[in-house]
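When the letters of the sequence shown are read in order and numbered with our numbering, they come out as residues 18 to 321. Glycine is no exception: its CB is placed at the ideal position from the N, C-alpha and C atoms. Following: one structure in structure tokens, then a few remarks.
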Amino acid sequence: MDGISQRGNCTMKKIGFLGAGKVGTTLGKYFAEHSVEVAGYYSRSISSASEAAAFTGSRVFESAKGVLAASDVLFLTVPDGAIRTVYDALPKELLRGKILCHASGALTAKEAFPDIEIFGGSGCSVHPLFAVSDKKLAYRELVDVFFAVEGTPACLPKVTEWLRSLGLHAQRMDGSKKRLYHAAAVVASNHVVALFAEAMDMLEACGFDEDAARAALAPLFLGNARHVAEDGPQKALTGPVERGDATTVEKHLEALEDADDRALYRLLTKRLLKIAKAKHSKRDFAAIEELVSNNSNEKDGTKS
């Protein structure tokens, strides 16, 4: 395929964007670089639409109706909370034969476009598992990114195949799992930020200033992240839990003065125990399990 699909009632030749922020600009540029005709952009900000159009070699539209009429596939790359409102305002008589896509991680296609099939159109959510930080450079990184795709059954296989034909990783999924999927993304991205901040706070309590704490943790953090991503959690696991070293775990709990910090340490240790048991099926982890059980003494971090 060359970026064009014409099976069934859906055509995927001209791709338009309603919204010209980082995601819309990044996707448009990637498509344009892979021989897909980008129809252009409409945005409430004419300057944003003009910038995105210039960057992708496409047009600026004066209305949502205009870009919808000119596109076979229209991406609604607006903030999550605005997707349904923007869809509701579109002229429904122009939806026949069109595919509408959004890039929200938590919103399903059905939630965004609840009645699109009544008007002869199809809806999909196409979410890149990726944090777009720079709309002028991020398109170069999309080849390594997984796109979660779900939506109208009639066109879902076609959208998935089309994305793959452009060199992208596309994973079809059931819309009922969309929230769980997005929770996984948050754990792997945003929650990691929280864990890094937690570790920085601990080092600052040891006398490090903020810059020194960040610099000290960076090699450990980046190296471990690379190992986990390349080899998986089980092979990457090291440390006292993996060794079955209950004495060290107990000392850590005693050192944590804040109850929330101890609770977080216990919860994470419980999850590490599952990995450690799978890695070392004959190793005794009973003492660590007791330390992080719900019966642990919250006053001093030791077992009751």
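When we look at the beta-carbon of residue i and count the other beta-carbons within 10 Å, is it buried (16 or more) or exposed?
i, result
"E167", "buried"
"C223", "exposed"
"T169", "buried"
"L91", "buried"
"V40", "buried"
"T264", "exposed"
"D89", "buried"
"F78", "buried"
"G36", "buried"
"T73", "buried"
"F130", "buried"
"F34", "buried"
"K195", "buried"
"R279", "buried"
"H144", "buried"
"L197", "exposed"
"E271", "exposed"
Can you tell me whether DSSP reads residue i as helix, strand or coil?
i, result
"K299", "coil"
"E274", "coil"
"L173", "helix"
"G41", "helix"
"V209", "helix"
"S64", "helix"
"F34", "strand"
"R24", "Because the pLDDT of R24 is 36, which lies under 50, any placement of that residue in the model is unreliable, and the number read from its coordinates should be weighed accordingly. Looking at R24 - three-state DSSP - the assignment turns out to be coil, as it is neither helix nor strand."
Would you tell me roughly how many angstroms separate the C-alpha atoms of residue i and residue j, rounded to the nearest one?
i, j, result
"A242", "V84", "42 Å"
"A253", "S182", "33 Å"
"A304", "L159", "45 Å"
"E221", "D277", "17 Å"
"V204", "Y47", "27 Å"
"G98", "A229", "39 Å"
"E227", "Y156", "33 Å"
"P257", "S206", "25 Å"
"E215", "S67", "42 Å"
"G192", "A200", "14 Å"
"S310", "I292", "17 Å"
"A87", "G57", "9 Å"
"R189", "R300", "39 Å"
"Q251", "L212", "19 Å"
"M217", "H186", "35 Å"
"K82", "P108", "7 Å"
If you scan the segment 80-133 from start to end, which runs of the beta strand (DSSP E) of 3 or more residues do you find wholly inside it?
90-93, 116-119, all fully within the segment 80-133.
Is there contact here, the segment 62-73 with the segment 174-184, by at least three beta-carbon pairs under 8 Å?
Taking a cut-off of 8 Å for Cβ pairs, the segment 62-73 and the segment 174-184 do not touch, as fewer than three such pairs fall below it.
Kindly provide the ranges of any alpha helix (DSSP H) runs that are 4 or more residues long and lie completely inside the segment 213-283, ordered along the chain.
The segment 213-283 is shown to contain whole alpha helix (DSSP H) runs of 4 or more residues at 227-248, 250-253, 257-260, 263-272, in chain order.
What are the uninterrupted segments assigned as alpha helix (DSSP H) that are 4 or more residues long and contained completely in the segment 144-206, given in chain order?
Fully enclosed alpha helix (DSSP H) runs of 4 or longer: 173-182, 195-205.
Taking contact to mean at least 3 C-beta pairs separated by less than 8 Å, is the segment 93-100 in contact with the segment 109-124?
The way I'd put it, the segment 93-100 does touch the segment 109-124; three or more beta-carbon pairs between them come closer than 8 Å.
Using 8 Å as the Cβ pair cut-off and three pairs as the minimum, do the segment 222-239 and the segment 295-302 touch?
Verdict: no, contact absent.
Counting Cβ pairs, one atom from each stretch, are 3 or more of them under 8 Å apart for the segment 104-115 and the segment 127-144?
Yes, the segment 104-115 is in contact with the segment 127-144.
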